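> First, the structure itself, so that you have it in front of you.
In the working numbering, the protein residues as written are 34 to 563.
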């Protein structure tokens, strides 16, 4: 029996009782598009009249939050801030509360030796050689008043009013020359910048290591997982200077060598001119670097790589052990418990020497005690003491797309689904998009249906590719999870057969180019239907 891709997907859904195909003819006879279109148009008008501030993305959730009666009231009394518990929701603070947060935050960083100041405004205005970016200080924990800095939130600046944006400005001086240098080195000499492994690459390393160790006939591994606390804020400037100088001296590229002294001078100026503004005062950041910018990621990468090669080279070169690192997350796997314990001791003694503090609550040892977790989380997936890797049950689309290995355009599509189709797979998302485009027509609604089908296909492909162990996908539970990705997509179009057909056609069209990569799924479904 032969199955095309679309039929195979429907068979998969049908097998797990997610969608009954018998409903098709009944829906087709009772559906009138014109009537549905009028209903949608009326709802759009109601929402426009009712909402003083319309937000089309899921960055706004009105659950238990302060909702202003008018835009003027919002500008005068409220400030937009990300919720510490759930980054997809929004909380509002009064400006007086926000000023208190700013004062407490400045004091917190001064006491920790990260800031000095305040600095005069005239001194700041004299510096003109650097690009200036704006950011906000977000509350990490209201109980402990612990704060974190995030720079370059340009995508979220539209949600800030002009009034509140002035009150929450952080100055981050960045050098474009340095950024270009690191990008060039990453292409020509990536081993000098970082050996960080992204999620799919690290999984491949674990799989190869596990296959290599199978010859030893030992099915138990000893694993240490740790990460740093406030990594970006703890990077010492004097260490960064020496590490950067060594990096430039090791580079044999003639173009970089000719600019050796100017690049060093540029780098030293960058470290000496990081300023943060809280309220009306500026503060000089004398320890650490702003978190969030691309340049900061490169600097953190060379810092951590330097420590790894200086203090852990003997562990990373052993045949019976595996050492992986992704920025401030460390994972060590060994066949020997003694060796794993030695690594943990080294970890606890080395990092404080470089000004870094381990997050004790997140240090996990697979052998430590019976109460230790059966799985160890690492870069979005779970690892057990047999080195078997499984994805977390509730993974975000971003995590799934990393494992799926999609090109950049598909990654953007997934993010687009997450942000713009705020009620994913539900028909009111179509209404939201229509309002956002300031247009409500049959053409727009059909376009949104096609978009929904296309992005549903990307999610399906992500889940298929992200099933790391072959037997995992073929199990009943995992197959049901895959079918579940189409559950809401199919279910929410039962009332609207025409829109369902448009979305399903788009889904099939998007999946067809990947048909060759999913032959085994089609073969499996043929077996089920025979």
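For every residue, glycine included, the Cβ atom is placed at its ideal position computed from N, Cα and C. Source: prediction; values computed, not measured.
1. Would you mind reading off the limits of the beta strand (DSSP E) that contains residue 262?
2. Could you pull the DSSP bridge partners for residue 149 from this structure?
3. Leaving out five residues before and five after residue 320 in sequence, what residues of the same chain have Cβ atoms less than 6 angstroms from its Cβ?
4. Within 10 angstroms of the Cβ of residue 187, are there 16 or more other Cβ atoms? Answer buried if so, exposed if not.
5. Output needed for residue 333: all residues of its chain with C-beta closer than 8 angstroms, excluding positions within five of it in sequence on either side, in chain order.
6. By the 10 Å Cβ neighbour count, where 16 or more other Cβ atoms means buried, how is residue 545 classified, buried or exposed?
7. Who pairs with residue 287 in a beta bridge, going by DSSP?
8. Spatial neighbours of residue 389 within its chain, please: C-beta separation below 7 angstroms, excluding the five flanking residues on both sides.
9. With a threshold of 8 angstroms, are at least 3 pairs of Cβ atoms found where one atom belongs to the segment 296–311 and the other to the segment 269–284?
10. So which of 543, 413, 542, 541 has the shortest CA-CA distance to residue 236?
11. DSSP three-state call for residue 271: helix, strand or coil?
12. Could you check the C-alpha separation between residue 224 and residue 339 for me, to the nearest Å?
13. What are the complete beta strand (DSSP E) segments, minimum 3 residues, inside the segment 380–412?
14. Residue 366 lies in the beta strand (DSSP E); which residues open and close that run?
15. Quick check on residue 544: does DSSP put it in helix, strand or coil?
16. Apart from the five residues just before and just after residue 243, which ones in its own chain have a Cβ nearer than 6 angstroms to its Cβ?
17. Count the other CB atoms within 10 Å of the CB of residue 280; is the residue buried (16 or more) or exposed (fewer)?
18. Give me the Cβ distance between residue 387 and residue 226, rounded to the nearest whole Å; I'm assuming they're in contact under 8 angstroms.
19. Measuring straight from C-alpha to C-alpha, what distance separates residue 568 and residue 212?
20. With distances taken from CA atoms, which of 351, 315, 365 is nearest residue 142?
21. If you count every other CB in all the chains shown that lies within 10 Å of the CB of residue 365, and 16 or more means buried, which is it?
22. Using a threshold of 8 angstroms, state whether the C-beta atoms of residue 299 and residue 210 are closer than that.
23. Let's see if you can read the secondary structure: which residues bound the beta strand (DSSP E) around residue 358?
24. By DSSP's criteria, residue 301 is part of a beta bridge. Which residues make up the other side?
25. Rounding to the nearest angstrom, what Cα-Cα distance links residue 373 and residue 349 in this structure?
26. Excluding the 5 residues preceding and the 5 following residue 162 in the sequence, name in chain order all residues of the same chain whose CB lies nearer than 7 angstroms to its CB.
27. Counting along the chain, where does the alpha helix (DSSP H) carrying residue 421 start and finish?
28. Count the other CB atoms, across all protein chains shown, that sit within 10 Å of the CB of residue 367; report buried if there are 16 or more and exposed otherwise.
29. Mapping the DSSP letters down to three states, classify residue 372 as helix, strand or coil.
30. Residue range of the beta strand (DSSP E) that residue 247 falls in?
31. Compare the C-alpha of residue 384 against each of 259, 308, 294, 144 and name the closest.
32. CB-CB under 7 angstroms to residue 252, same chain, minus the five flanking residues each way: which ones, in chain order?
33. Could you give the first and the last residue of the continuous alpha helix (DSSP H) run that contains residue 223?
34. Evaluate residue 214 with the Cβ neighbour count: other Cβ atoms within 10 Å of its Cβ, from every protein chain shown; 16 or more gives buried, anything less gives exposed.
35. What span of residues does the beta strand (DSSP E) with residue 415 cover, start to end?
To lay it out plainly:
1. 255–262
2. 317
3. 146, 147
4. Low confidence applies here, because residue 187 scores a pLDDT of 34, under 50, leaving its location unreliable; read the following figure in that light. Exposed is the call here.
5. 264, 265, 268, 322, 360, 361
6. exposed
7. Paired residue(s): none; residue 287 is not in a bridge.
8. 261, 264, 267
9. yes
10. 413
11. helix
12. 11 angstroms
13. 408–411
14. 362–367
15. helix
16. 420
17. buried
18. Their Cβ separation, rounded to whole angstroms, is 18 angstroms, which puts residue 387 and residue 226 out of contact at 8 angstroms.
19. Lying before the first or after the last residue shown, residue 568 is absent from the chain, which here runs from 34 to 563.
20. 315
21. buried
22. yes
23. 354–359
24. Looking at the DSSP assignment, residue 301 forms no beta bridge with any residue, so it has no partner.
25. 12 angstroms
26. Because the pLDDT at residue 162 is just 45, under 50, the model does not fix this residue reliably, and the point stays unresolved.
27. Here residue 421 belongs to no alpha helix (DSSP H), and DSSP marks it neither H nor E.
28. buried
29. helix
30. First-last for residue 247: undefined, no H or E at that position.
31. 259
32. 419
33. 223–226
34. buried
35. 414–417
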